[in-house]
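**Student:** Here the sequence shown is numbered in the working numbering, starting from -10 and rising by one per residue.
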Amino acid sequence: MGWFERQVGSRDAAEVNREHARYVRASKVVECLDDLAGPFGCRRFLVRFERLGGRVRIVAIDAATLSWGGGPPPSDPNHRKRDALERALNRLHANMSLGPGWNRGVFAYVRDAHGVTEVNPAFDEDSDIAQLETLPVPGPPGHPLEEKSTLDLLAIHTARMHRIVVASRGKASDWDWWEVDDDTRLTLHYEGHPSRTLKCMVLATHETHASRFTWHSPRPVGSETVFQTPTFASTFDASMEVGFLSCAALDAEWLFVQPYDDRGGQLLVAVFR
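#1: What would DSSP say about Asp65, mapped onto helix, strand or coil?
#2: Please go through the same chain and pick out, in chain order, the residues whose beta-carbon is closer than 6 Å to the beta-carbon of Leu121, but skip the five residues on each side of it.
#3: Compare the C-beta of Asp171 against all C-beta atoms of chain D and say whether one is closer than 7 Å.
#4: So is Gln217 buried or exposed if we call it buried at 16+ other beta carbons inside 10 Å?
#5: Quick check on Asp250: does DSSP put it in helix, strand or coil?
#6: Can you tell me whether Gly(-2) is buried or exposed, with buried defined as 16 or more other CB within 10 angstroms of its CB?
#7: Who are the near neighbours of Ala238 in its chain, counting only those whose CB is closer than 6 Å to its CB and skipping five residues on each side?
#8: On the criterion of 16 or more Cβ atoms from any shown chain inside 10 Å, does Pro129 qualify as buried, or is it exposed?
#9: Over what stretch of residues does the beta strand (DSSP E) that includes Ile118 continue unbroken?
#10: May I have the straight-line CA-CA distance separating Val231 from Gly94, to the nearest angstrom?
#11: Among Ala53, Asp24, Phe(-7), which has the Cα closest to the Cα of Ser116?
#12: Go to Val99, then tell me how far its beta strand (DSSP E) extends in each direction, as first and last residue.
#13: For Glu196, which residues from the same chain have a beta carbon less than 6 Å from its beta carbon, with the 5 sequence-adjacent residues on both sides left out?
#14: Would you mind working out which of Phe225, Phe221, Met229 sits nearest Gly104, comparing C-alpha positions?
#15: Give me the Cα-Cα distance between Val108 and Asp163, rounded to the nearest whole angstrom.
#16: Tell me the DSSP secondary structure of Pro183 in three-state form.
#17: Quick one: grab the DSSP three-state call for Gly104.
#18: Would you mind reading off the limits of the alpha helix (DSSP H) that contains Leu234?
#19: Considering Cα atoms alone, identify which of Leu192, Trp57, Thr214 is closest to Leu244.
#20: Of all the options Leu175, Asn67, Trp57, which has the alpha carbon lying nearest to the alpha carbon of Val126?
#21: On a Cα-Cα basis, can you pick out the residue from Leu234, Ala227, Gly30 that is closest to His146?
#22: Look up Leu175 in the DSSP assignment and give the residues it is bridged to.
#23: Just mark Met190 as buried or exposed, buried being the case when its beta carbon has 16 or more other beta carbons within 10 Å.
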């Protein structure tokens, strides 16, 4: 008889599952797993943990890279996310110690490119049979920012992107207001000075409140997946990287980035010479 079967006994299994889910929610383990997994991308991994020396410690993270990108959690060089997860696991152990106690366990974490996530725990001998190979496979497709074609583009355009970053940061934001006409003309207006009209191409928006990148370009920047996917989850830094990559692919001079709403949304525009 396994750990979960012992907890069920003569009770209803669904009721016991709901009880255990309340323990997990109270400990904030899932939030810490989400943080460990990063803000976007396909993920498929197991976090193994055990009570050692009076504390619950993570003893292994089982993962394998997916051919379409993602799989393991991203790098956590300072172990901040791992340490936060260990604290949450210790809260979980303390909360469950007077009821369905355990000494070791595993959390299985699977997330697809659209952010749909599945998290499942197992404890004691039940955790011993958990294997990475038995987890659902999230994809294909992968997340556009983790696709090999995107990584290849970033490598190809590294030098050009650097020049565009320098040029963009060197532009003085001294205009009083701005407007874009027909997605192709950027006009910068100055109080007491003539306006400047520049050739441009509207690229995309980054919705800060939703952590989402959305294309608005009149035509695709390229044929690669990252340029062909209408919208995807993204951090602001990742959205900026896509903006600089787009400028490099279009041979633009610099990237114009300005807020366009009261929720922190940013408009990305490629500006040409």
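The C-beta atom is built at its ideal place from N, Cα and C for all residues, glycine as well.
**Tutor:** Inspection of the coordinates gives the following:
#1: coil
#2: Leu35, Asp51
#3: Chain labels in this structure do not include chain D; a single protein chain is all it has.
#4: exposed
#5: coil
#6: Gly(-2) is exposed by the Cβ-count criterion.
#7: Here the set comprises Val210, Gly211.
#8: exposed
#9: Where Ile118 is concerned, there is no enclosing beta strand (DSSP E), given that its DSSP letter is neither H nor E.
#10: 39 Å
#11: Phe(-7)
#12: 93 to 100
#13: Gly254
#14: Phe221
#15: 49 Å
#16: strand
#17: coil
#18: 225 to 239
#19: The shortest Cα separation from Leu244 among Leu192, Trp57, Thr214 belongs to Leu192.
#20: Trp57
#21: Leu234
#22: Residue pairing of Leu175 in beta bridges, as defined by DSSP: Val169, Leu187.
#23: buried
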